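Data first, discussion second: the structure below is written as structure tokens.
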Amino acid sequence: MTSIPTADDFKRIEDELADVKTILKSVLVGVSAPLVLKIADIAKLEGVSRTQIVGKEAYLLPNFGISEYPDGTKRWRIETYLEWRRVPIQRRREMFKAHLEHERKKAVTRI
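If you want it as structure tokens, here you go:
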């Protein structure tokens with residue numbers, strides 16, 4: 222007996238399809254290493270410039286631009302980026318504003 226798909230099933234399938242589309246897009250736009258993404262790669266995928274993404278649109282970067290790798294170029298595993306993309310963009314903007322406010326308060330208390 223087959224079961225009727227639930228809304229959660231459809232959401233999961235939708236997320237998985239979005240992941241596949243992102244990976245395919247990364248190949249089409251010429252991202253050099255599809256398993257590890259740099260800022261320039263993510264900027265291409267998001268359709269913004271590198272300058273925009275490191276400036277006012279850092280909410281497009283996983284963890285607001287803090288790299289998964291401590292040394293060298295800022296970069297993230299594609300899985301991390303795909304998880305970050307699942308968060309609605311408005312929610313990421315709100316999180317980024319809260320992050321900036323938290324960082325500002327930390328800086329003020331150090332003075």
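In our numbering, the protein residues as written are 222 to 332.
Don't be surprised by glycine CBs; every beta carbon is placed ideally from N, CA and C.
Being a predicted model, the structure only gives us computed values, none of them experimental.
I'd like to confirm the pairing. Which residues does DSSP put opposite Val257 in its beta bridges?
Arg298
Under 6 Å Cβ to Cβ from Glu235, same chain only, skipping five residues before and after it: list those, please.
Closer than 6 Å at Cβ, skipping near neighbours: no residue.
Can you tell me whether Lys277 is helix, strand or coil according to DSSP?
coil
Is the Cβ-Cβ distance between Ala279 and Gly286 less than 8 Å?
yes
Check for me: the alpha helix (DSSP H) holding Glu322 runs from which residue to which?
310–331
Can you tell me the Cα-Cα spacing of Thr294 and Thr301, whole angstroms?
16 Å
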